Ligand SMILES: *Cc1c(COP(=O)(O)O)cnc(C)c1O
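Numbering (our numbering), first residue to last: 577 to 929.
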């Protein structure tokens, strides 16, 4: 740390992203990317005109992509904002709506960025413990009188809460915002989107990073009331109005156009998830009921850290969180059939040794 860093940031612990090793080729099951490439149809052909166009700023309104997403979800453009990854729009939400008079709550085990954003923006926060079985007891959020951020399905557990519970959170906290982070909803979850019509305090956040094979594009979006979207756009325009580059905008539009391909991939990932879960259970693992593109698993005899290191040694990268309550669990991204075969073979080896 330099002696110049502002005091308000000196205590902050930055988010630690999953490893993106550049040294050797791993079977990469640690950051929940899609194992499948974008479709041929949605790959943007970078012809000379497209490349030359980068001399011009992109459309700060992102009108074409917002219109496509709006049409896809049956909304209007005013209800959609796009961002540089959904991390960015989550950051705008914390920036715009939460402060010391408007604190926020989220589960103690969830997406690590919520806590980082709360600290970055000086927002008081409460982490509400998950139940023993890692489920969220929604009762604890009803009428709580604070802003709420929930990943649904939750990460890294993959466990989903019901729409009825989300509706009750919205209804019993009418003067607070409820953010539902649906990064994993396309893998078998249910979206809270239909509740937008009835509740003006709901923000639904989604991303191209997981189900749409676009983690490297950095493209996310949120859907809410036109007023909330206008406030979020104010944050964009006050920080970086050209936050989404031309190539990403073009790619994003093409991906929405070819949605069938990505839906098929999601079906395939769900089926690989179910199949791999059964195989892990046969190897003695406990798992949660994941509705996401990852499996959260623990072996009763082998420690999380040991397993993580042994797998890494064998060229397979999974996510291990060195955190109380979950240090013996691994979050394993669902890969291709072949990658899951390699994973199961490696785990069998760990068990035997
Ligand atoms: C991956 C993830 C995100 C962020 O993804 P982006 O790549 O920034 O769109 C947000 N929330 C959760 C729960 C995630 O797992």
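Even glycine gets a Cβ: it sits at the ideal position worked out from N, Cα and C. Predicted model only: the values in this text are computed from it and were never measured.
Under the three-pair Cβ rule at 8 Å, the region 577-589 does not count as touching the region 857-864.
At least one heavy atom of ligand 1 sits closer than 7 Å to the Cβ of residue 662. In its chain, beyond the 5 residues on either side, 894, 922 have a beta carbon closer than 7 Å to the beta carbon of residue 887. In this model, residue 784 and residue 711 are separated by some 26 Å (Cα to Cα). Here the alpha carbon of residue 874 sits roughly 36 Å from the alpha carbon of residue 749. Here residue 648 is exposed: its Cβ has fewer than 16 other Cβ atoms, across all protein chains shown, within 10 Å. Residue 772 is not a Cβ neighbour of residue 754, given a cutoff of 8 Å. DSSP places residue 748 in the uninterrupted alpha helix (DSSP H) bounded by 739-748.
Burial of residue 722 is indicated by the presence of at least 16 other C-beta atoms within 10 angstroms of its C-beta.
Comparing alpha-carbon positions, the option among 732, 622, 643 lying closest to residue 687 turns out to be 732.
The beta carbon of residue 818 is closer than 7 Å to those of 633, 634, 636 in its chain, skipping five residues each way along the sequence.
Within the chosen limit of 7 Å, ligand 1 reaches the beta carbon of residue 687 through at least one heavy atom. Inside the region 592-641, DSSP marks whole beta strand (DSSP E) runs of 3 or more residues at positions 603-605, from first to last along the chain.
Residue 583 sits in a helix when the DSSP states are folded into three classes. DSSP places residue 812 inside the alpha helix (DSSP H), whose first and last residues are 802-815.
A heavy atom of ligand 1 is found nearer than 7 Å to the CB of residue 783. Going by C-alpha positions, residue 606 is about 10 Å away from residue 884. The DSSP-derived three-state label of residue 666 is helix.
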